[in-house]
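Q:
Number of protein chains: 2
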Amino acid sequence: MKLSTKGRYAVMAMADLALASQDGPVTLSDIASRQSISLSYLEQLFAKLRRADIVSSIRGPGGGYRLSRKPTEIRISDIIVAVDEPLRATRCSSAKGCLADGRRCITHDLWDELGRHIYLFLSSITLEDVLERRLLGAASGALGRMERPKPVAEPATV
Amino acid sequence: MKLSTKGRYAVMAMADLALASQDGPVTLSDIASRQSISLSYLEQLFAKLRRADIVSSIRGPGGGYRLSRKPTEIRISDIIVAVDEPLRATRCSSAKGCLADGRRCITHDLWDELGRHIYLFLSSITLEDVLERRLLGAASGALGRMERPKPVAEPATV
DNA sequence: CATATTCCTGACTGTTCTACTCGGTTATTG
DNA sequence: CAATAACCGAGTAGAACAGTCAGGAATATG
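Put into structure tokens, the structure is as follows:
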């Protein structure tokens, strides 16, 4: 989990796509102009999103992109994992290489726990939550004991 | 809150310092060789830590660094804030510049909430906690009012 | 069929950050 | 004085970020 601005751009674009895909596919040009992101950069991001099967594409006139799943079934963590490089092994946080005294380095557990924490937070929030600005609930639930059921039933507010 | 590897190095060094400062100041050379971090890099980090009044220095032979406060009073967030640059304004997450439709962009609250979340987590953990490997408790405390629920799912390598 | 549209791909560029090196200065101890 | 160790500033290779550019491949429409 890398948390760069790249992931933010991707989530912004995905939110825009979700909002705009009311009727038919959305072109990257539209997203680019609305979100002020360069078209080519978006193309790179969406290539990864497509490979991760989060969006699907239709070529030709009238084509564009569309969500592969409903916004309730796309977690923010899915998006970020799809576009971000796996964070490079910086001595620690990569299983090996952080054995100063024979076992894992002192701070290993800390980064481990932090990473898990962030992941839980972002995987407890769906695209739908972002669209509905339904965030505080998800935040408190991130650590567990949250009842808030993900409604999978409701179709196509998309 | 920036969460780069720079902050990790700083926390590793601080943990090392805390462990080694049983008797007298600790030299950066010692920390450098134990933690495999370059001496000059450490010097840069500790210059910032000193400016933030987290450590204090003694020059000359027998000198070195020492914690300014007790490990129970040094929060991990203090360390990271001290060494990391304030994250640059990347369109969103900087109050202005993210007004696509007149007000704040759709994902603004998300990043806001995430940032607050990470900060709460890291400020709920002290250096002492890291030394004692007392992490899960602190982690659960990050959000306040929860007793100790284990994280729900085991996320893939975050 | 031709053409416009749109996705798709690869290579290349300027800027920033990381992690580090080098050369030197200042303060303190023996 | 000489050794130690903190300080300070400049400079560097490499990587990632954000973007540009040039072209190609699929598809709908006239």
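The listed protein sequences derive, respectively, from chains A and B.
Residue numbers for the first sequence follow the numbering used here, so the first one is 937 and each next one is one higher.
Residue numbers for the second sequence follow the numbering used here, so the first one is 937 and each next one is one higher.
Just so it is clear, CB atoms sit at the ideal spot from N, CA and C, and this is done for glycine as well.
Source: prediction; values computed, not measured.
(1) Taking residue 991 of chain A and residue 975 of chain A to be in contact with their CB atoms under 8 angstroms, please state how far apart those CB atoms are, rounded to whole angstroms.
(2) Within the 8 angstroms Cβ cut-off, does residue 968 of chain A reach chain B?
(3) Who are the neighbours of residue 1057 of chain B on chain A, taking C-beta pairs under 7 angstroms?
(4) For residue 968 of chain A, I'd like the list of residues in its chain whose CB is within less than 8 angstroms of its CB, leaving aside the five on either flank, ordered along the chain.
(5) Are at least three pairs of beta-carbons, each pair with one atom in the region 1055-1068 of chain A and one in the region 1004-1024 of chain A, less than 8 angstroms apart?
(6) Among all the DSSP beta bridges, which residues are the ones paired with residue 1003 of chain A?
(7) Please tell me whether residue 962 of chain B and residue 1046 of chain A are closer than 8 angstroms, where the distance is taken between their beta carbons.
(8) According to DSSP, is residue 1062 of chain B helix, strand or coil?
(9) Taking 8 angstroms as the cut-off, decide whether the C-beta atoms of residue 985 of chain A and residue 954 of chain A are in contact.
(10) Say whether chain A places a C-beta atom closer than 8 angstroms to the C-beta of residue 956 of chain B.
(11) Residue 951 of chain B touches chain A at which residues, Cβ-Cβ below 7 angstroms?
(12) Considering only the beta carbon of each residue, do residue 1064 of chain B and residue 1071 of chain A sit closer than 8 angstroms?
(13) If we ignore side chains and look at the alpha-carbon of each, how far apart do residue 1043 of chain B and residue 1020 of chain A end up?
(14) Taking C-beta pairs closer than 8 angstroms, name the residues in chain B that residue 1061 of chain A reaches, listed in chain order.
A: Quick answer:
(1) So it is not a contact: roughly 16 angstroms between Cβ atoms.
(2) Residue 968 of chain A does not count as touching chain B.
(3) Residues of chain A passing the Cβ test: 1050 and 1053.
(4) 974, 975 and 978
(5) Counting C-beta pairs with one atom in each stretch, the region 1055-1068 of chain A and the region 1004-1024 of chain A have three or more that are closer than 8 angstroms, which means they touch.
(6) A:991
(7) No. Outside cutoff.
(8) strand
(9) no
(10) no
(11) 1042 and 1043
(12) no
(13) 18 angstroms
(14) 1046
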